[in-house]
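Structure record follows, encoded as structure tokens.
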Amino acid sequence: MSWLEKLLPPKMQQTDPSERRTVPEGLWIKCPSCDTVLYKSDLEQNINVCPKCSHHHRIRARARLDAFLDGEGRYEIGQEVLPVDALKFKDSKRYPERLKESLESTGETDALVVMGGAVLSIPLVAACFEFDFMGGSMGSVVGERFVRGVEAAVEQKVPFVSFAATGGARMQEGLLSLMQMAKTNASLTLLAKAKLPYISVLTDPTMGGVSASFAFVGDIVFAEPKALIGFAGPRVIENTVREKLPEGFQRAEFLVKTGAIDGIIDRRELRTTIARSLAMLQRQSADAVA
Numbered sequence: 017m018s019w020l021e022k023l024l025p026p027k028m029q030q031t032d033p034s035e036r037r038t039v040p041e042g043l044w045i046k047c048p049s050c051d052t053v054l055y056k057s058d059l060e061q062n063i064n065v066c067p068k069c070s071h072h073h074r075i076r077a078r079a080r081l082d083a084f085l086d087g088e089g090r091y092e093i094g095q096e097v098l099p100v101d102a103l104k105f106k107d108s109k110r111y112p113e114r115l116k117e118s119l120e121s122t123g124e125t126d127a128l129v130v131m132g133g134a135v136l137s138i139p140l141v142a143a144c145f146e147f148d149f150m151g152g153s154m155g156s157v158v159g160e161r162f163v164r165g166v167e168a169a170v171e172q173k174v175p176f177v178s179f180a181a182t183g184g185a186r187m188q189e190g191l192l193s194l195m196q197m198a199k200t201n202a203s204l205t206l207l208a209k210a211k212l213p214y215i216s217v218l219t220d221p222t223m224g225g226v227s228a229s230f231a232f233v234g235d236i237v238f239a240e241p242k243a244l245i246g247f248a249g250p251r252v253i254e255n256t257v258r259e260k261l262p263e264g265f266q267r268a269e270f271l272v273k274t275g276a277i278d279g280i281i282d283r284r285e286l287r288t289t290i291a292r293s294l295a296m297l298q299r300q301s302a303d304a305v306a
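Residue numbers for the sequence shown follow the working numbering, so the first one is 17 and each next one is one higher.
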């Protein structure tokens with residue numbers, strides 16, 4: 017030990033870097049709205065809603081469905097439908113490479129998860145976008161899984177609920193992707209003919225071809241607080257019309273004021289709100305919903 021180390025208090029002496037305690041990565045999350053540092057497990061237990069300011073963090077598809085559906089009787093629909101590179105598309109990477117990367121990072125085979133189950137004992141089919149899979153883009157698999165979910169709802173005579181979180185159509189599939197707009201909308205006419213409810217929930221973000229198709233044609237259209245909802249992005253619109261857009265343009269609060277959506281629902285209240293709405297749409301007693 018040197019003479020300087022003898023003079024310094026123990027707390028000021030340097031320690032071996034290998035002996036320093038390290039904080040595990042991903043243990044804490046900083047809320048982008050209020051800057052509160054949150055314990056990740058606490059945030060997850062609160063369905064990714066900040067307990068301090070109620071900011072709605074984005075949430076993975078299966079985590080949302082786990083929180084939304086009752087625990088018993090769940091089953092997945094359309095998981096056997098997988099993407100193909102029909103156009104042999106390549107930009108900076110080949111399409112199969114992007115699919116592989118998304119599979120490895122999310123564990124999903126495409127951007128939509130469809131499940132049958134129940135909410136507060138009301139049977140239904142729910143479709144939920146996985147935004148982390150290529151920005152939740154809608155390709156042929158998303159369209160096919162959505163349609164199979166609708167067909168399952170019609171066959172079982174139960175309502176259909178969708179949760180949108182998407183950047184729009186998937187450019188790597190070109191026209192095949194754009195055709196899903198018509199395909200999904202056409203399938204919803206089956207629900208209407210069977211007089212079965214369809215509720216659409218718009219989350220952050222809901223843009224492009226999805227917002228221009230099935231996302232806005234629900235019997236009831238809800239949104240989560242401050243969700244970005246629209247077709248083209250705000251900067252694209254400003255550059256096109258050469259005017260400054262209103263404050264909060266394309267946010268859920270702006271859309272509910274203009275009558276574009278029916279209401280804004282806190283994620284923690286979605287189960288009860290949707291269950292009550294479905295009960296009323298099916299002319300059942302909403303009081304029976306806990």
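Even for Gly, the Cβ is constructed at its ideal location relative to N, Cα and C. Fair warning: this is a prediction, and the values are worked out from it, not measured in the lab.
- Query: Count the other CB atoms within 10 Å of the CB of L294; is the residue buried (16 or more) or exposed (fewer)?
  - Reply: buried
- Query: So what's F162 in DSSP terms, helix, strand or just coil?
  - Reply: helix
- Message: With three or more C-beta pairs closer than 8 Å as the rule, is the stretch 69 to 77 touching the stretch 86 to 100?
- Response: no
- Does the count of Cβ pairs from the stretch 215 to 234 and the stretch 119 to 137 closer than 8 Å reach three? no
- Could you pull out every unbroken beta strand (DSSP E) segment of at least 3 residues lying fully inside the stretch 225 to 267, listed in chain order? 236 to 239
- For L351, I'd like the list of residues in its chain whose CB is within less than 7 Å of its CB, leaving aside the five on either flank, ordered along the chain. Any property of residue 351 remains undetermined from this structure, which presents the chain solely from 17 to 306.
- Task: Grab me the residues of V157's own chain with a C-beta within less than 6 Å of its C-beta, minus the 5 sequence neighbours each way, in chain order.
- Result: V97, P99 and D126
- Message: With distance defined between alpha-carbon atoms, name the residue in G225, P175, G184 and L244 nearest to A208.
- Response: P175
- Query: If you check the beta carbons only, do S229 and M197 fall under 9 Å apart?
  - Reply: yes
- Name the residue from L194, A180 and F179 whose alpha carbon lies nearest to the alpha carbon of R186. L194
- Task: Note down, in chain order, each residue of its chain lying with its Cβ closer than 6 Å to the Cβ of R299, except the 5 sequence neighbours on either side.
- Result: none
- Can you round the beta-carbon distance between A239 and I280 to whole angstroms, since I take them to be within the 8 Å contact cut? 5 Å
- Same chain only: Cβ atoms within 7 Å of T122, ignoring 5 sequence neighbours per side: E146, D148 and F149
- Run the CB neighbour count on Q172, radius 10 Å, all protein chains shown included, and call it buried at 16 or more, exposed below. exposed
- Reduced DSSP secondary structure (H/G/I, E/B, other) of E113: helix
- Reference G159; option with closest CA among V170, S137, G184 and L81: G184
- Can S216 and A180 be called in contact, C-beta distance under 9 Å? yes
- Item | DSSP three-state assignment for A180, whether helix, strand or coil | strand
- In the DSSP assignment, what are the bridge partners of H72? V65
- Item | Same chain only: Cβ atoms within 8 Å of V233, ignoring 5 sequence neighbours per side | N201, L204, Y214 and S216
- Query: By a C-beta neighbour count over all protein chains shown, 10 Å radius and 16 as the cutoff for buried, is S137 buried or exposed?
  - Reply: exposed
- Query: Buried or exposed: where does T256 fall if 16 or more other Cβ atoms within 10 Å of its Cβ makes it buried?
  - Reply: exposed
- Can you tell me which of G190, N64 and R80 puts its alpha carbon nearest to the alpha carbon of R287? R80
- Task: Consult DSSP for R299 and reduce its assignment to one of helix, strand or coil.
- Result: coil
- Item | Cβ-based burial, Y111 [other Cβ within 10 Å; buried from 16] | buried
- Helix, strand or coil for V129, going by three-state DSSP, please let me know. strand
- Query: What does a CB cutoff of less than 6 Å around K68 pick up in its chain, not counting 5 residues either side in sequence?
  - Reply: C50 and T52
- Quick one: what's got a C-beta closer than 7 Å to F265's C-beta in the same chain, skipping five residues either side? P250
- Query: When the distance is taken between beta carbons, is A210 closer than 9 Å to S178?
  - Reply: no
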